[in-house]
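>
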Amino acid sequence: AESDAVLVRQAREAAEEASRYAKTAAEFAHQAAEAAEAARGDHKRGSYALTKSTAHSAIVYTLTVVKAVRAVGYSTLDVAAQCRAAAKRRGHSTECSESAVSAMSLGLEALNAALVCAEATEITAAELQKPLSDSDLSSEGSERFVGAAVKASLAAASASNTAMSAAIAAVEGSRQCIRTLEKKAEDAGEAAGDAGGEAGSPSQEGASSAGGGGEEAQDSAGEPQQRKKPPTADEFAAAAGKRSIAQRNNNHKVLQRLNAEILAHQQQVRQILQANRPLIPKVSSDAKQKIFALLQDYAEEARVDLESAIAASMLHGQGSPADAVAAAMRELPMLVPFMQAQSLAIPVSVKARVLKMAALYDLPLAMRILDQEVFGPAKTALPWSLDSRKAAEAQQRLDEVCETVRHELSSNVAEEALPQPH
Numbered sequence: 044a045e046s047d048a049v050l051v052r053q054a055r056e057a058a059e060e061a062s063r064y065a066k067t068a069a070e071f072a073h074q075a076a077e078a079a080e081a082a083r084g085d086h087k088r089g090s091y092a093l094t095k096s097t098a099h100s101a102i103v104y105t106l107t108v109v110k111a112v113r114a115v116g117y118s119t120l121d122v123a124a125q126c127r128a129a130a131k132r133r134g135h136s137t138e139c140s141e142s143a144v145s146a147m148s149l150g151l152e153a154l155n156a157a158l159v160c161a162e163a164t165e166i167t168a169a170e171l172q173k174p175l176s177d178s179d180l181s182s183e184g185s186e187r188f189v190g191a192a193v194k195a196s197l198a199a200a201s202a203s204n205t206a207m208s209a210a211i212a213a214v215e216g217s218r219q220c221i222r223t224l225e226k227k228a229e230d231a232g233e234a235a236g237d238a239g240g241e242a243g244s245p246s247q248e249g250a251s252s253a254g255g256g257g258e259e260a261q262d263s264a265g266e267p268q269q270r271k272k273p274p275t276a277d278e279f280a281a282a283a284g285k286r287s288i289a290q291r292n293n294n295h296k297v298l299q300r301l302n303a304e305i306l307a308h309q310q311q312v313r314q315i316l317q318a319n320r321p322l323i324p325k326v327s328s329d330a331k332q333k334i335f336a337l338l339q340d341y342a343e344e345a346r347v348d349l350e351s352a353i354a355a356s357m358l359h360g361q362g363s364p365a366d367a368v369a370a371a372m373r374e375l376p377m378l379v380p381f382m383q384a385q386s387l388a389i390p391v392s393v394k395a396r397v398l399k400m401a402a403l404y405d406l407p408l409a410m411r412i413l414d415q416e417v418f419g420p421a422k423t424a425l426p427w428s429l430d431s432r433k434a435a436e437a438q439q440r441l442d443e444v445c446e447t448v449r450h451e452l453s454s455n456v457a458e459e460a461l462p463q464p465h
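Just so we're on the same page, my numbering is the position in the sequence shown counted from 1, plus 43.
What follows is the structure, encoded as structure tokens:
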């Protein structure tokens, strides 16, 4: 029946969604654990600013795990509802009812695990926002950040494991739902066949028996044509490639959705802090000096990489100077996250994270460092042999990159109303 097909489709889609989000939760839990380990390494090296930044990344990864685990819980409960409906249609099937109970129990456990993980995230985030004393700015004070990162990563791992169990129950429930409804259809078909056989006349039975030999001969003759050949090695590899591409597309869609959710959450927090400025923690002069000293070092590295890339392009004569400048600028790890069509909530590059943190502290000063160490030297690196038109084109490309970075930092990171550096 059409209603059975709809129920099967809904159960299958819910199970696939639970499995997809469970994998996402596992991936981000792993990243949270790596961030906690990186924070421990930064603490051993005595880098206070990097320790805090990496611990913050671990907490953000854990927040993403919370959202993914919550999605797994709701999807698993949806599968449980479909299993209950299928059990009723089959006359209270025992196997389907047991799958519904199991899926519902593990779905609720996943939601509870998401709640516990969210509470752990709030506690660890509060650890990072506590007022800082002079001792907190030392290498020993960064132990608090390492502890917060470890707590967040452990909570993410626990929630991820619960989500994986719930997803397995959702997949099993979906399969049991399908088997139950298929059994129901088979029973209905057998009942219809028995009724038709009883209503048939002896002459019809004789005719069918007389023609049986011919049908059997037809079946035996057509059997070799219906038998499927085993897939060749090339066909198997092609099918595996298609599955891999489909999985990557699904992962990309999930990451895009999670990135949009995190961006929305960041925007909400930003609006709350703008409306309640006393809640914004004070930044000590020492912490500000450390983060801008780090930004200065990263900007100098970016300048060297940029000048080398431009010189190599000019030496080999690959493309126009304007294209070489724009390409080299867009490949700088510090600027790559800000040049994307869609804003990135959590940049992978540590250099980009340091730039974002510096923009939060003081956007005009951060942009001034970029102008002095990156954009200005890039303009100076242009060859003197360019005519006026090509020079203007290259200058325009650099200005576009600079304005894109400035707009991204001012609209999604720092205050929009802050004055722009000259």
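Ideal Cβ positions, reconstructed from N, Cα and C, are used throughout, including at glycine. Source: prediction; values computed, not measured.
Any heavy atom of the ligand FAD closer than 6 Å to the Cβ of Q385?
By its list of ligands, the structure shown contains no ligand whatsoever, and the ligand FAD lies outside what it can speak to.
> Taking the beta carbon of T164 as the centre, do at least 16 other beta carbons fall within 10 Å, making it buried, or is it exposed?
With 16 or more Cβ atoms within 10 Å of its Cβ, T164 is classed as buried.
> What residue range does the alpha helix (DSSP H) around N155 cover?
Segment T137 to Q172, the alpha helix (DSSP H) holding N155.
> First and last residue of the alpha helix (DSSP H) that includes V109?
Note, V109: alpha helix (DSSP H), Y91 to R132.
> Work out the CA separation of Q438 and N155 for me, nearest whole Å.
So the two alpha carbons sit approximately 56 Å from each other.
> In whole angstroms, give me the CA-to-CA distance for V326 and A401.
Approximately 11 Å between the Cα atoms of the pair.
> Confirm, please, whether the CB-CB distance from A146 to V122 is below 7 Å.
Yes, these two residues count as a Cβ contact at 7 Å.
> Whole angstroms is fine: what's the gap from Y104's alpha carbon to A330's?
One C-alpha to the other measures close to 24 Å.
> Does the distance from the C-beta atom of M382 to that of L398 stay below 7 Å?
No.
> Can you give the Cα-Cα distance for K95 and A82, rounded to whole angstroms?
Using only the alpha carbons, I get a separation of about 7 Å.
> Using C-beta distances below 6 Å, list every residue in its chain close to A216, excluding the 5 sequence neighbours before and after it, in chain order.
Here the sequence assigns Gly to residue 216, which means Ala is not the residue at that position. The residues are V122, C126, S142 and A146.
> Going by C-alpha to C-alpha distance, which of V214, A76 and S203 sits closest to A54?
Closest option to A54, Cα to Cα, is V214.
> In whole angstroms, what is the alpha-carbon distance linking A355 and A367?
When rounded, the distance between both Cα atoms is 9 Å.
> What residue from S62, L406, L106 and L50 has the CA that sits closest to L306's CA?
Minimum Cα distance to L306 is reached at L106.
> Considering R52, what are the terminal residues of the alpha helix (DSSP H) in which it resides?
Segment E45 to K87, the alpha helix (DSSP H) holding R52.
> Considering only residues of the same chain and omitting the five flanking positions on each side of K110, which have a CB-CB separation below 7 Å?
Contacts found: L301 and E304.
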